[in-house]
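One structure below.
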Amino acid sequence: MNFGRRQFIHTGLAGSLLLSFSGWLNAAGARRFSAAEREMLGAVVDAMLDGVLPAQSTQRRPLVAQTVDGIATAVAGLSAASQTEIGELFGLLAIAPARMVLAGVGKPWREASVSDVGEFLQSWRDSRLGLLQGAYGALHDLTYGAWYGRPDSWEAISYPGPPRGYF
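This is the structure we're talking about:
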């Protein structure tokens, strides 16, 4: 099929508009994670914030869910390429065979203990493979960014909040 110059330009413009529209939709709100991705992120958040979260599960669960929502919001603000990479990481960790091979966690995420998930995270952090270290860094930064991005967590670190009245 031969494209004429005019058809090539129209196709390029239509593609640009479609990409712009999809970027606008993505920027309009938090990325929607699948249930499996939310379970995986919940386990990661639970392990990473173990010393910070309350011990009682009735208080802990809503904070973990809020942090996962914060991760979704943060991911939605990333570039399309970064969102794709993060999506691939989350997708891999959400499926059982990859969870077992890459993370060494044999149980489903919702059943995994904090120590099992902590061991997986520690192994990625200390890995000789830069790819796993980078994946750990992404999980770490997204988790802590979402946690400390919430004003109700600032008191614990004596952060008074951003300056007011200067702008």
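The sequence shown runs 8 to 174 under the numbering used here.
Ideal Cβ positions, reconstructed from N, Cα and C, are used throughout, including at glycine.
Please read all numbers here as calculations on a predicted model, not as lab measurements.
For this session: Taking only the alpha-carbon atoms, compute the straight-line gap between G141 and M47 and give it to the nearest angstrom.
Result: When the Cα atoms are used, G141 and M47 turn out to be separated by approximately 18 Å.
Exercise. First and last residue of the alpha helix (DSSP H) that includes Q140?
Worked result: Q140 -> alpha helix (DSSP H) spans G137 to Y155.
Exercise. Alpha carbon to alpha carbon, how far is G84 from Q63?
Worked result: The straight-line gap from Cα to Cα measures roughly 32 Å.
Exercise. Can you tell me whether M55 is buried or exposed, with buried defined as 16 or more other CB within 10 angstroms of its CB?
Worked result: By the 10 Å Cβ count, M55 comes out buried.
Problem set entry | Inter-residue Cα distance where the pair is L146 and R171 | L146 and R171 have their C-alpha atoms spaced approximately 31 Å apart.
Exercise. Do you know offhand how far A105's Cα is from S130's?
Worked result: Those two C-alpha atoms are separated by around 15 Å.
For this session: Pick out whichever of G58, A81 and S86 has its Cα sitting closest to the Cα of L149.
Result: Comparing Cα positions, the closest option is A81.
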